[in-house]
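In this note's numbering, the protein residues as written are 4 to 219.
Written below as structure tokens is the structure these notes are about.
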């Protein structure tokens, strides 16, 4: 068969591109080529058997935020309800309040440093763009506990760590999500999200998949 479009990689970007291409032209012939035997890209689910028990792991982020309007809209186009796939865990505000004031994740001087730069970003949207959160915390002598907790927060949100996220990115993410809630998948993504996505594209939209096929 001759295809109109060949998509390399069955990660979220490739799957979403197929969605929108089919929406624009329902008759377009599309094939998605994936090197692994499952879809999901770097967010795929890895399942392993050990001592007759099955374990699974997923690459971050394992959290989704209520302001993901494009993602929620994409799910609606597949007749999927965001809140049926993802359960509300907590709000950004409650996390910050508990971490800062109850658990004292940030010491007093840590908090002052962060508050200062938080205000600077409000007036200069490029402030902190060239320094990672890790370097920022080292430069401002953040406590070891604060650095561990913020590194964990970075990995939960972005899948990276404090060395990979800039101060500007971290503060802007905080601003943009402050009034929203955090959601987590109700089921592993290979049982829910990616399974439904595959069925929708393959069965309903007639998108072909070629798995276990690395592209040199």
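From the three backbone atoms N, C-alpha and C, an ideal C-beta is built for every residue, glycine too.
None of the values given here were measured: they were computed from a predicted structure.
Start-to-end residues for the beta strand (DSSP E) that takes in residue 188 = Unbroken beta strand (DSSP E) run through residue 188: 184–188.
Could you spell out the range, first to last residue, of the alpha helix (DSSP H) harbouring residue 126?
-> Taken as a continuous stretch (DSSP letters only), the alpha helix (DSSP H) holding residue 126 covers 111–126.
Would you call the CB atoms of residue 131 and residue 139 closer than 9 Å?
-> Residue 131 places its beta carbon less than 9 Å from that of residue 139.
Burial state of residue 124 (16 or more Cβ within 10 Å) | It is buried - the Cβ of residue 124 has at least 16 other Cβ atoms within 10 Å.
How far does the beta strand (DSSP E) with residue 53 in it reach, from first residue to last?
-> Boundaries of the beta strand (DSSP E) around residue 53: 48–53.
Excluding the 5 residues preceding and the 5 following residue 196 in the sequence, name in chain order all residues of the same chain whose CB lies nearer than 7 Å to its CB.
-> In chain order, 88, 188 place their CB closer than 7 Å to the CB of residue 196, counting only its own chain and leaving out the 5 sequence neighbours on each side.
Looking at C-alpha atoms only, which residue of 40, 24, 184, 30 is the closest neighbour of residue 85?
-> That would be 184, whose Cα lies nearest to the Cα of residue 85.
Find the nearest neighbour of residue 66 within the set 32, 39, 33, 192, judged by alpha-carbon distance.
-> Cα-wise, what sits closest to residue 66 is 192.
Note the first and the last residue of the continuous alpha helix (DSSP H) segment covering residue 18.
-> Residue 18 -> alpha helix (DSSP H) spans 15–27.
Local conformation of residue 221 per DSSP, three classes | Because residue 221 is not part of the residues shown, which for the chain are 4 to 219, the question remains open.
Would you kindly check if the distance between the Cβ of residue 141 and the Cβ of residue 34 is under 9 Å?
-> No Cβ-Cβ contact shorter than 9 Å links residue 34 with residue 141.
Taking DSSP as the reference, what is the three-state secondary structure of residue 91?
-> Here DSSP, grouped into helix, strand and coil, assigns residue 91 to strand.
Taking the alpha helix (DSSP H) that residue 80 falls in, what are its first and last residues?
-> First-last of the alpha helix (DSSP H) with residue 80: 72–80.
In terms of residues, what are the limits of the beta strand (DSSP E) holding residue 9?
-> It spans 8–11 - the beta strand (DSSP E) in which residue 9 sits, taken as one unbroken run.
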